[in-house]
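Those sequence lines, one after another, are chains A and B. With the numbering used here, letter number 64 in the first sequence gets 77, and the count goes up by one each step, no holes. With the numbering used here, letter number 15 in the second sequence gets 17, and the count goes up by one each step, no holes.
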Amino acid sequence: MSASDRFARFVDALVRDRRPPRYPADSGDEGAMVAAAALKSARPGADLPRPEFVQELERTLAREVAASGTVPSWSRRRLFQLTGAAAAAVVAGIGIDRALPRSDGTAPAATNHDMQFTDGRWVSVVATVAVAPDHAVRFSAGAVEGFVVNRGGSMLALSAVCTHMGCIVRFNADRGSLDCPCHGASFALDGSPINHDYLQSLPRLQSRINGDMVEVRVNKA
Amino acid sequence: MEQPGPELHVVSSSAPGSQPLAWEAVYRETAVVVYRFIYARVGNCHDAEDLTTQVFIRALPRLRVPAAIEEIRSYLMATSRTVLADHWRRHYDVQMTPLDDGLAVSPEDPRDPASEEEGIRRANAVLAGLPGNYRQVLELRFLRGYSLRETAEAMGVSLSNAKVLQHRALRRAAGQEMP
């Protein structure tokens, strides 16, 4: 392919808003490439970011800041909106143990997105018989908004805070999913996103069965 | 002229949730500005998103808040230029000097309605200075989003002619004085 063809493909990608191909450009074409980018950005609205991107980057940065312990950081309310309770809990000093896979190869105690309150308390949230197979029941306890889910007889607890914008998801019995009323995100009953791959799963909460009740571990405050 | 921005206020960490804290405010004030600055220099959302992410990830541990918003902005712009230069060198093997901004629009406050028209105004000024067929090929391609084939048909030239015209027109546009 000639240098001129490669340049044409570069321009074509910009016009279609695709990621342009990489290639060693002819010296002397730098200015023409920048001019193409500038002309593309002149189309009204072309240079405005996707809201999902702005949101996702904020979430990433809030996590980095929370992890590094830097203050001042994001407000606790905003962190709840962005990441669910996890990052906000860090800021609030509750302390969350993000369990990593064990080096000996045994199953990890928890996946990366699990929420564990090291300084928490067990709260009884719903009777086991009240959660039918493949159904989810809402609960609120402490700062935690969640669902107890019955997946083929085994119980688990998930955060109910949508990982997109922080709305509270709803159980959709027809589809067997947890759906967000705000922007249409949908999660399977194991918490994984169904229709938007870029979303984080709903965080899983520590839960246990005590007698006839499902208990969930929540923050002490 | 840009008005001086407000100082960012630090809120004591003992009162979380009461007011926006500094980083949150920094991001809100700068995310779109940085993205538009970069978009005007790469011309596609995929690279713009990746590079904007790089800018903030790099700047995050180095920025001290609170600081005047202009100070933070100029730090982010400097970081953007470095990230852009790396991008061009790594992927296209070309050296862009930090000030080689070509026709790219400057990072006005996106809330300023005048800046909405800024890119178009400058693009039109550039196009107006070009010979007729150069101007036409760029208008069709970039402002109307025609494919190369559609452009060739509209101009009554062959596909390969349209390709050559587009290339020459962009080189000529790049060589022009900034409007």
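Each residue gets a CB set at the ideal place from its N, CA and C atoms; glycine is no exception.
So which residues of chain A does B/V166 contact, with C-beta pairs closer than 8 Å? For the purposes of this step, residue 166 of chain B is identified with residue 164 of the second sequence, where counting begins at 1. S17, listed in chain order.
What separation, rounded to the nearest whole angstrom, lies between the Cα atoms of B/R66 and B/V85? Mapped onto the second sequence, residue 66 of chain B falls at position 64. Mapped onto the second sequence, residue 85 of chain B falls at position 83. Linking B/R66 to B/V85 through their CA atoms gives a straight-line distance of about 20 Å.
Mind checking which residues open and close the beta strand (DSSP E) that includes A/N223? Taking the first sequence and counting its residues from 1, the one referred to as residue 223 of chain A is at position 210. A/N223 -> beta strand (DSSP E) spans 220-223.
Just grab the DSSP bridge partners of A/A154 for me. The sequence position of residue 154 of chain A within the first sequence is 141, counting from 1. Looking at the DSSP assignment, A/A154 forms a beta bridge with A/V157.
So does the stretch 48-62 of chain A actually touch the stretch 45-55 of chain B, counting three or more Cβ pairs closer than 8 Å? Contact between the stretch 48-62 of chain A and the stretch 45-55 of chain B is present, because at least three Cβ pairs lie under 8 Å.
Given that a residue counts as buried once 16 or more other Cβ atoms are within 10 Å of its Cβ, and exposed if not, what is B/P115? Here residue 115 of chain B refers to the residue found at position 113 when the second sequence is read from its first residue. Here B/P115 scores only 38 on pLDDT, less than 50, and its place in the model is too uncertain to base an answer on.
Output the distance between the C-alpha atoms of B/V57 and B/Y37, rounded to the nearest integer angstrom. Sequence index remark: in the second sequence, residue 57 of chain B carries index 55 (1-based). Sequence index remark: in the second sequence, residue 37 of chain B carries index 35 (1-based). In a straight line, the C-alpha of B/V57 is about 10 Å away from that of B/Y37.
Check whether the stretch 192-200 of chain A and the stretch 151-164 of chain A are in contact - that is, three or more C-beta pairs closer than 8 Å. Counting Cβ pairs under 8 Å, fewer than three are found: no touch.
Compare the C-beta of B/R151 with all C-beta atoms of chain A and state if any pair is closer than 8 Å. Against the second sequence, residue 151 of chain B aligns to sequence position 149. False, the Cβ-Cβ gap to chain A never drops below 8 Å.
Which listed residue (A/R32, A/V174, A/R76, A/A170) has its alpha carbon closest to that of A/E94: Working through the first sequence from its first residue, we reach residue 94 of chain A at position 81. The identity of residue 94 of chain A in the sequence shown is Gln, whereas the question assumes Glu. The candidate whose alpha carbon is nearest that of A/Q94 is A/V174.
Could you check which residue in B/W90, B/Y77, B/I59 has the C-alpha nearest to that of A/S40? Within the first sequence, the letter at position 27 stands for residue 40 of chain A. Considering only alpha carbons, the answer is B/W90.
Apart from the five residues just before and just after A/N208, which ones in its own chain have a Cβ nearer than 8 Å to its Cβ? Looking up residue 208 of chain A in the first sequence gives position 195. For A/N208, same chain residues with a beta-carbon under 8 Å away, outside a window of 5 residues either side, are G197, A198, S199 in chain order.
What is the rounded straight-line gap between the Cα of A/Q219 and the Cα of A/D18? For the purposes of this step, residue 219 of chain A is taken as residue 206 along the first sequence, with counting starting at 1. For the purposes of this step, residue 18 of chain A is taken as residue 5 along the first sequence, with counting starting at 1. Taking the CA atoms as reference points, A/Q219 sits about 57 Å from A/D18.
At what residues does the alpha helix (DSSP H) containing A/F23 begin and finish? Here residue 23 of chain A is taken as the residue at index 10 of the first sequence, counted from 1. According to the DSSP assignment, A/F23 belongs to the alpha helix (DSSP H) that extends over 16-28.
Taking 8 Å as the CB-CB cut-off, is B/D88 touching chain A? Residue numbering aside, residue 88 of chain B sits at position 86 when the second sequence is read from its first letter. Taking a beta-carbon distance threshold of 8 Å, B/D88 does not count as an interface residue toward chain A.
Beta strand (DSSP E) containing A/W135: first to last residue? Numbered from its first residue, the first sequence carries residue 135 of chain A at position 122. For A/W135, the enclosing beta strand (DSSP E) covers residues 133-140.
If you draw a straight line from the C-alpha of A/S81 to the C-alpha of A/T73, how long is it? Within the first sequence, residue 81 of chain A is the residue found at index 68, counting from 1. Within the first sequence, residue 73 of chain A is the residue found at index 60, counting from 1. One C-alpha to the other measures close to 12 Å.
What separation, rounded to the nearest whole angstrom, lies between the Cα atoms of A/A45 and A/G179? What you label residue 45 of chain A is simply residue 32 of the first sequence in a count that begins at 1. What you label residue 179 of chain A is simply residue 166 of the first sequence in a count that begins at 1. In this structure, the alpha-carbon of A/A45 lies about 43 Å from that of A/G179.
Report the neighbours of B/I122 on chain E: residues whose CB is nearer than 9 Å to its CB, in chain order. Note that chain E does not occur in the displayed structure, where the protein chains are A and B.
Give the interface partners of A/V78 over in chain B, defined as CB-CB distance under 8 Å, in chain order. Along the first sequence, read from residue 1 onward, the residue named residue 78 of chain A stands at position 65. Neighbours of A/V78 on chain B, chain order: W25, L62.
Looking at chain B, which residues of the stretch 37-48 of chain A have a Cβ within less than 8 Å of any of its Cβ atoms? The residues in question are P37, A38, S40, G41, D42, E43, G44, A45, M46, V47, A48.
Mind reading off the beta-carbon distance from A/V28 to B/F144? Whole number of angstroms is fine, and I expect it under 8 Å. Along the first sequence, read from residue 1 onward, the residue named residue 28 of chain A stands at position 15. Along the second sequence, read from residue 1 onward, the residue named residue 144 of chain B stands at position 142. About 7 Å separates the two Cβ atoms, so the contact holds.
Based on Cα-Cα distance, which residue from A/A48, A/P34, A/A140 lies nearest to A/I222? Walking along the first sequence from the start, residue 222 of chain A turns up at place 209. Relative to A/I222, the option among A/A48, A/P34, A/A140 whose CA is nearest is A/A140.
Would you tell me roughly how many angstroms separate the C-alpha atoms of A/D225 and B/T55, rounded to the nearest one? Numbered from its first residue, the first sequence carries residue 225 of chain A at position 212. Numbered from its first residue, the second sequence carries residue 55 of chain B at position 53. C-alpha separation (whole angstroms): 48 Å.
Identified DSSP bridge partners for A/I181: Within the first sequence, residue 181 of chain A is the residue found at index 168, counting from 1. DSSP lists A/V174 as partners of A/I181.
Where does A/A105 fall in DSSP's three states? What you label residue 105 of chain A is simply residue 92 of the first sequence in a count that begins at 1. Bear in mind that the predicted position of A/A105 carries a pLDDT of just 42, short of 50, making it unreliable; the figure below should be weighed with that in mind. The three-state reading of DSSP puts A/A105 in coil, since its state is none of H, G, I, E or B.
Quick check: is the beta carbon of A/R183 nearer than 8 Å to any beta carbon in chain B? Residue mapping note: residue 183 of chain A aligns to position 170 of the first sequence, counting from 1. With 8 Å as the cut-off, A/R183 does not count as an interface residue toward chain B.
Show which residues of chain B have a CB atom less than 9 Å away from the CB atom of A/E241. Only positions 14 to 234 of chain A appear in the structure, and residue 241 of chain A is not among them; the question remains open.
Between A/S54 and B/Y94, is the Cβ-Cβ spacing less than 8 Å? For this step, residue 54 of chain A is matched to residue 41 along the first sequence. For this step, residue 94 of chain B is matched to residue 92 along the second sequence. Contact: no.
Near-chain A residues of the stretch 33-57 of chain B (beta-carbon distance less than 8 Å), N- to C-terminal order: Contact residues of the stretch 33-57 of chain B toward chain A are A33, V34, Y37, R38, Y41, A42, R43, V44, G45, N46, C47, H48, D49, A50, E51, T54, T55 (C-beta to C-beta distance below 8 Å).
DSSP three-state call for A/D192: helix, strand or coil? Position 179 of the first sequence, counting from 1, holds the residue named residue 192 of chain A. A/D192 falls in the strand class under three-state DSSP.
Let me check one thing: in DSSP terms, what residues is A/A270 bridge-paired to? With chain A running from 14 to 234 in the structure shown, residue 270 of chain A is simply not present.
When you compare only the Cα positions, how much space is there between A/S88 and B/A176? As a first step, residue 88 of chain A is located in the first sequence; it is residue number 75 there, counting from the start. As a first step, residue 176 of chain B is located in the second sequence; it is residue number 174 there, counting from the start. Rounded to whole angstroms, the gap between the alpha carbons of A/S88 and B/A176 is 45 Å.
Coarse secondary structure for A/N163, derived from DSSP in three states: Reading the first sequence from its first residue, position 150 is the one you call residue 163 of chain A. A/N163: strand per DSSP, three-state reduction.
Runs of 4 residues minimum, wholly inside the stretch 125-168 of chain B: which ones carry the alpha helix (DSSP H) assignment? For the stretch 125-168 of chain B, whole alpha helix (DSSP H) runs of length 4 or above, ordered along the chain, are 134-140, 150-157.
Straight-line Cα distance separating A/M168 from A/V162: Along the first sequence, one-based indexing puts residue 162 of chain A at 149. Along the first sequence, one-based indexing puts residue 168 of chain A at 155. Rounded to whole angstroms, the separation of the alpha carbons of A/M168 and A/V162 is 6 Å.
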